[in-house]
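Have a look at the structure below before the remarks.
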Amino acid sequence: MKTVLIADDASFMRQMIRDIIEPEGYEVVGEASDGVEVVEKFRELHPDLVMMDIVMPKRSGIDAVKAIKAEDPTAAVVMCSALGQETLVMEAIQAGAKDFIVKPFKPDAVITTLAKTIEKGE
Amino acid sequence: MASGFAGAGTTKLDLEKYTALFLEEATEHLAEMSTALLALEKEPGDGEAIDVVFRMAHSIKGMAASLEMDSVTELSHRLEDLMDGYRAAGRVDATEGIALLFRSLDGLERMVEGVRENGVAPALDDGLVALLGAAAAVPENEGEPPKKI
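Quick note, the sequences are listed as chains A and B, same order. So for the first sequence, the numbering used here puts the first residue at 3; every next one is plus one. So for the second sequence, the numbering used here puts the first residue at 7; every next one is plus one.
Following this line, the structure appears as structure tokens:
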């Protein structure tokens, strides 16, 4: 079973991602509510994939991607963005994120993106 | 209640659960936003407070969009855009800007209360949205606050 770490400052969004991916066979091994916590939990849990919001307190999603990639250049990170954040998404991809999904989430798109990202990393 | 997220894909989600989560988190976010606006009223260059208002608007937008609460999504999106400009400028407009931010907070609070009481988001205040759009459209000016509206 593939393991996932979810990072978003809104528990609403973390719960929504969990409800989408767990029935599809992914195991959520941890949650983080800010950009510092996600790096700490990545280091601790070594998940197969990180799903992370771009806008977070303490440390932005882009800075957190850079920190995670510095820890593990093979890390698979998918950014969660919103419409109108194209520039930030490009920055995140340049920082090492593998892909992105756009809010509001469409369950099929989330699952397809996760599967593709994990497949690409194997 | 809007049909929301359920049915958008293969997974069915519990809209009642998510509406309750929205009400809880949006109420907390609006309280944080209120505290940050009071700080900005005293110090328009308070970068941390500007960031808090931006993030709270962003978060409310994401939740509301997931539940297809279009009016809440639109108002929070406009507020987020304005705050993004203020983030770039490093300060908010100390007069009309602050007043507009408090009016936006009031508008969001009324919308959230409408969802709590009636299960649906009230209609958008078009006048407020126009003011936010006009304020956000003013080009940034090398660190100067956006022009007054």
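Here a beta-carbon is modelled for each residue, glycine too, at the ideal position from N, C-alpha and C. Keep in mind that this is a model prediction, so the values were computed, not measured.
Through-space distance from residue j to residue i, alpha-carbon basis
{"i": "A:S83", "j": "B:K67", "result": "11 Å"}
{"i": "B:D20", "j": "B:M117", "result": "21 Å"}
{"i": "A:T89", "j": "A:K100", "result": "15 Å"}
{"i": "B:R97", "j": "B:L88", "result": "11 Å"}
{"i": "B:L106", "j": "A:V41", "result": "37 Å"}
{"i": "B:E31", "j": "A:A12", "result": "7 Å"}
{"i": "A:E26", "j": "A:M54", "result": "19 Å"}
{"i": "A:R20", "j": "B:S110", "result": "32 Å"}
{"i": "A:Y139", "j": "A:V112", "result": "Within the shown structure, residues of chain A are numbered from 3 to 124, placing residue 139 of chain A beyond reach of any answer."}
{"i": "B:M62", "j": "A:K118", "result": "31 Å"}
{"i": "B:S65", "j": "A:L85", "result": "13 Å"}
{"i": "B:E123", "j": "B:I104", "result": "29 Å"}
{"i": "A:D65", "j": "A:A34", "result": "15 Å"}
{"i": "B:A142", "j": "B:E115", "result": "21 Å"}
{"i": "B:A140", "j": "A:F102", "result": "30 Å"}
{"i": "A:K71", "j": "B:G113", "result": "41 Å"}
{"i": "A:K108", "j": "B:L29", "result": "22 Å"}
{"i": "B:E119", "j": "B:L138", "result": "21 Å"}
{"i": "B:L27", "j": "A:V30", "result": "20 Å"}
{"i": "B:E86", "j": "B:F60", "result": "5 Å"}
{"i": "A:R45", "j": "B:A127", "result": "41 Å"}
{"i": "A:A78", "j": "A:I120", "result": "7 Å"}
{"i": "B:D57", "j": "B:Y24", "result": "26 Å"}
{"i": "B:L73", "j": "B:A94", "result": "30 Å"}
{"i": "A:L116", "j": "A:I56", "result": "17 Å"}
{"i": "A:M81", "j": "B:D99", "result": "32 Å"}
{"i": "B:M75", "j": "B:E22", "result": "14 Å"}
{"i": "B:A12", "j": "A:T114", "result": "Because B:A12 carries a pLDDT of 46, less than 50, the predicted location of this residue cannot be relied on, and no value is offered for it."}
{"i": "A:E24", "j": "B:G51", "result": "43 Å"}
Buried versus exposed, by CB contacts within 10 Å (16 or more), residue i
{"i": "A:M18", "result": "buried"}
{"i": "A:P106", "result": "buried"}
{"i": "B:A129", "result": "exposed"}
{"i": "B:E49", "result": "exposed"}
{"i": "A:D74", "result": "exposed"}
{"i": "A:Q96", "result": "exposed"}
{"i": "A:R16", "result": "buried"}
{"i": "A:A9", "result": "buried"}
{"i": "A:T76", "result": "exposed"}
{"i": "A:D110", "result": "exposed"}
{"i": "B:G91", "result": "buried"}
{"i": "A:M92", "result": "exposed"}
{"i": "A:K68", "result": "buried"}
{"i": "A:K43", "result": "buried"}
{"i": "B:A55", "result": "buried"}
{"i": "B:T101", "result": "exposed"}
{"i": "A:G63", "result": "buried"}
In DSSP terms, what residue i is bridged to
{"i": "A:V6", "result": "A:V30, A:L51"}
{"i": "A:M81", "result": "A:M54, A:F102"}
The ligand FAD heavy atom lying under 6 Å from the CB of residue i
{"i": "A:C82", "result": "For the ligand FAD, the structure offers nothing, since it holds no ligand at all."}
Do the segment 74–86 of chain B and the segment 124–141 of chain B make contact, defined as three or more Cβ pairs closer than 8 Å? yes
Could you say if the segment 3–20 of chain A and the segment 45–53 of chain A meet the contact criterion of at least three C-beta pairs nearer than 8 Å? yes
Please name the residues in the segment 43–73 of chain B whose beta-carbon is closer than 7 Å to at least one beta-carbon of chain A, in chain order. R61, H64, S65, K67, G68, M69, A71, S72
contact_flag[the segment 27–45 of chain A, the segment 29–41 of chain B] where n(CB pairs < 8 Å) is 3 or more: no
Determine which residues of the segment 21–46 of chain B have a Cβ less than 7 Å from any Cβ of chain A, and write them out in chain order. Y24, L27, F28, E31
Going along the segment 101–116 of chain A in order, which residues come within less than 8 Å of chain B, judged by CB to CB distance? K105, P106, F107, K108, P109, D110, A111, V112, I113
Between the segment 11–22 of chain A and chain B, which residues of the former have a C-beta closer than 9 Å to a C-beta of the latter? D11, A12, S13, F14, M15, Q17, M18, D21, I22
Short of 7 Å Cβ to Cβ, which residues in the segment 42–65 of chain A face chain B? V57, P59
Pull out every residue of the segment 75–86 of chain A whose Cβ sits closer than 9 Å to any Cβ of chain B, in chain order. C82, A84, L85, G86
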